[in-house]
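Presented below is the structure to which this report refers.
Okay, structure coming up:
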């Protein structure tokens with residue numbers, strides 16, 4: 004069976020991340036006007052799910068991750084006013100965001116929540132998945148850095164989240180580390196392990212240039228939702244560019260319901276102009292994918308390079324060796340300081 | 002010397018580490034371990050160490066409190082059940098040391114405010130969280146020098162060191178720590194982030210403290226204050242270490258800590274347990290001394306219907 008055979012006729016929900024994962028590449032400084040402009044364009048292009056939150060989720064605005072230009076309340080409310088068909092989603096990471104923040108998001112118009120944890124710690128999400136369901140949100144269990152545990156253990160964690168009430172489970176390649184066979188094994192296994200009614204999603208980063216290929220492998224293995232970002236605007240080398248995924252889907256007969264040309268126009272005319280530099284698989288982003296480091300570590304690693312004269316690549320490789328996971332931005336500075344001391348740079 | 006008899010509620014990671022420390026205390030004597038699962042390893046271990054045990058929760062303890070002379074109890078379960086546990090034991094005149102993030106009583110971070118609690122007539126003292134115990138002394142070290150507008154702490158703990166009790170109330174954990182960073186640490190506003198890392202071999206607890214001062218930070222005074230506070234904490238947590246910092250960027254002060262445990266129950270990576278239990282024992286010992294000196298008489302608290 005060819006890849007085409009496996010995917011032709013399949014239905015797929017494309018979920019845009021440029022106004023959440025894209026916040027990372029924009030250092031959380033996307034303006035309200037830009038959010039509204041891009042969200043309305045995506046909505047008009049038929050994108051069914053649009054994520055709007057600080058890069059690190061509700062409550063992420065902080066010294067550790069960077070302060071948002073506006074609050075999540077302001078961003079979500081502004082987008083809710085203009086979006087007519089799409090569902091607005093939020094990212095929510097227990098340990099960073101609180102339940103009150105999730106209630107606020109629902110009040111402001113969010114209809115979907117990605118409740119995220121590291122791929123081995125699903126049991127911290129019980130309270131939050133429960134609240135998502137209580138609030139009537141499309142509640143997703145989001146297993147991050149999914150390359151960092153055995154496939155069997157990933158399934159156990161997915162079953163926990165399903166048990167707490169999540170109706171969709173995501174395998175998240177936060178580091179852009181995975182290759183197509185890794186994706187097939189995980190998504191295929193999740194499809195077998197989870198209930199038939201539970202949807203499966205995949206979230207890629209383009210650090211090894213594998214965003215579209217991995218996403219196709221995911222669809223072939225049974226994924227119902229694919230995250231991507233218009234113009235690829237996301238952490239590291241960006242997410243799977245949504246318009247690329249839409250174009251490939253159309254060629255391969257995958258039904259996304261998205262107007263391809265309108266989506267391409269949103270990427271080109273509304274998203275590209277807001278970037279200082281488009282995300283690129285540069286030396287440091289490739290290192291993220293190659294070594295398996297959380298994609299958002301790119302920015303502070305580059306900052307440490309500038310401040311201390313260390314190589315960002317060296318710092319990222321050291322963070323991988325120390326097995327740092329999502330959220331541990333403080334350890335970038337700490338690692339850089341220790342390395343700088345060792346090398347007599349401070 | 003007479004010792005004050007204690008009960009521990011919750012035979013998990015925190016409760017068991019607490020037990021080992023109480024067994025070394027000169028003024029506290031652990032006599033009861035309370036759990037809810039009859040097959041619990043923690044209950045079995047406590048029994049082997051000579052404690053009376055019950056698997057019927059606090060209800061299994063209350064009828065024995067007076068006859069066994071229990072005067073102090075430590076709640077190492079979870080926030081959801083704490084209020085109930087506290088009420089039942091306060092009614093019998095038992096002082097409750099709360100190691101959950103329920104925080105219904107005044108907050109205690111020993112190097113900062115233990116002395117202040119001595120005078121207050123309180124039957125419930127909250128120990129904030131492990132992250133709070135590790136970081137709030139640093140916030141106080143900075144706010145003691147100059148006004149802190151905002152303080153943020155990031156606590157990273159090894160996956161193996163935190164049990165189900167903590168995992169089920171991560172929200173309370175985050176909120177209680179954030180509030181305490183402000184209230185006890187002395188910042189106008191506080192935020193707490195907690196990360197659970199499953200790396201093997203397990204990671205040592207790491208804590209990062211960021212403080213934004215109102216005015217330009219007095220680098221020399223802040224550095225001296227931080228070092229002095231580290232020595233104070235090391236008196237009861239010898240493995241409390243400054244790894245990097247304090248560094249200064251504009252008005253932002255950054256402090257990077259590592260907390261190594263004594264290895265009483267879990268191995269040394271679980272410094273988060275150690276700082277929590279060491280602080281709790283220290284707090285209970287202060288009250289025990291006051292009881293033994295006749296300076297403190299515990300009175301039953303009856304809630305009005």
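Chains as they are written, first to last, in this note's numbering: chain A, 4 to 349; chain B, 2 to 306. In this text, a Cβ means the ideal position worked out from N, Cα and C, and glycines have one as well.
(1) Output, in chain order, the set of chain A residues within a Cβ distance shorter than 7 Å of residue 245/B.
(2) Along the chain, where does the alpha helix (DSSP H) containing residue 167/A start, and where does it finish?
(3) So, residue 204/A versus residue 154/A, is the Cβ gap smaller than 9 Å?
(4) Helix, strand or coil, according to DSSP, for residue 302/A in the structure here?
(5) For the beta strand (DSSP E) that contains residue 387/A, what are its first and last residues?
(6) Quick one: give me the first and last residue of the beta strand (DSSP E) that residue 122/B is part of.
(7) Quick one: is residue 3/A near chain B, going by C-beta distance under 9 Å?
(8) Under the rule that 16 or more other beta-carbon atoms within 10 Å means buried, what is residue 306/B, buried or exposed?
(9) If contact means a Cβ-Cβ distance below 7 Å, which residues of the region 184-202 of chain B contact chain A?
(10) In whole angstroms, give me the CA-to-CA distance for residue 247/A and residue 254/A.
(11) If we ignore side chains and look at the alpha-carbon of each, how far apart do residue 163/B and residue 10/A end up?
(12) Strictly below 8 Å CB to CB, what residues from chain A border residue 256/B?
(13) If you measure from the beta carbon of residue 97/A to each beta carbon in chain B, is any gap under 9 Å?
(14) Thinking C-alpha only, which one of 227/A, 180/A, 194/A, 29/A is nearest residue 208/A?
(15) Using beta carbons (cut-off 9 Å, strictly below), is residue 186/A in contact with chain B?
(16) Classify residue 115/A as helix, strand or coil using the three-state DSSP reduction.
(17) Do the region 126-133 of chain A and the region 329-349 of chain A make contact, defined as three or more Cβ pairs closer than 8 Å?
(18) Is the shortest distance between the beta-carbon of residue 165/B and the beta-carbons of chain A less than 9 Å?
(19) Going by C-alpha distance, which of 170/A, 161/A, 286/A, 174/A is nearest residue 316/A?
(20) Please list the partners that residue 155/B has in chain A, where partner means a Cβ-to-Cβ separation under 7 Å.
(21) Go through its chain and collect everything with a Cβ distance to residue 180/B's Cβ below 7 Å, but skip five positions before and after it.
(22) Leaving out five residues on either side along the sequence, give the residues of the same chain with a beta carbon under 7 Å from the beta carbon of residue 22/B.
(23) Using the beta-carbon of each residue, which ones in chain A are nearer than 7 Å to residue 81/B?
(24) Using a cut-off of 9 Å between C-beta atoms, extract the partners of residue 176/B located in chain A.
(25) Could you tell me which residues DSSP pairs with residue 258/A in its beta bridges?
(26) Residue 199/A by DSSP, collapsed to three states: which one?
(27) Beta-carbon separation of residue 273/A and residue 40/A under 9 Å?
(28) Does the separation of the CB atoms of residue 155/B and residue 284/B fall below 9 Å?
(29) Give the residues of chain D in contact with residue 123/A, contact being defined as C-beta atoms less than 8 Å apart.
(30) Pull the bridge partners of residue 144/A from the DSSP assignment, please.
(31) Start and end of the beta strand (DSSP E) containing residue 194/B?
(32) In whole angstroms, give me the CA-to-CA distance for residue 58/B and residue 92/B.
(33) Kindly list, in the order they appear in chain A, the residues whose Cβ is closer than 8 Å to that of residue 270/B.
(34) According to the neighbour-count rule (16 or more other Cβ atoms, all chains shown, within 10 Å of its Cβ), is residue 14/B buried or exposed?
(35) Spatial neighbours of residue 46/A within its chain, please: CB distance less than 8 Å, with the 5 preceding and 5 following residues excluded, ordered by chain position.
So, from the listed chains and residues:
(1) 337, 340, 341
(2) Taken as a continuous stretch (DSSP letters only), the alpha helix (DSSP H) holding residue 167/A covers 154-167.
(3) no
(4) helix
(5) Coverage of chain A is limited to positions 4 through 349, which leaves residue 387/A absent and any answer about it impossible.
(6) Unbroken run through residue 122/B: none, as it is neither H nor E.
(7) Since the first and last residues shown for chain A are 4 and 349, residue 3/A lies out of range.
(8) Residue confidence for residue 306/B is low, a pLDDT of 46 falling below 50, so the modelled location carries little weight and cannot support an answer.
(9) 192, 194, 195, 196, 197, 198, 199, 200
(10) Their Cα atoms are separated by approximately 11 Å.
(11) 43 Å
(12) Under the 8 Å cutoff, chain A gives no residues; its nearest Cβ is about 10 Å from residue 256/B.
(13) yes
(14) Checked all of 227/A, 180/A, 194/A, 29/A; the closest Cα to residue 208/A is 180/A.
(15) Between residue 186/A and chain B, the shortest Cβ-Cβ separation is not below 9 Å.
(16) strand
(17) no
(18) yes
(19) 286/A
(20) 67, 333
(21) 191.
(22) 265, 278, 279, 282
(23) What residue 81/B touches in chain A: nothing, since even the nearest Cβ is about 10 Å away.
(24) 101, 102, 103
(25) 14/A
(26) coil
(27) yes
(28) Result no, Cβ atoms of residue 155/B and residue 284/B do not sit closer than 9 Å.
(29) In the structure shown, chain D cannot be found, because the protein chains are A and B.
(30) 118/A, 172/A
(31) Annotation: the continuous beta strand (DSSP E) that includes residue 194/B extends over 188-198.
(32) 16 Å
(33) Those within 8 Å of residue 270/B in chain A number zero; the least Cβ separation is about 13 Å.
(34) buried
(35) So the qualifying residues of the chain are 53, 85, 86, 87, 88, 89.
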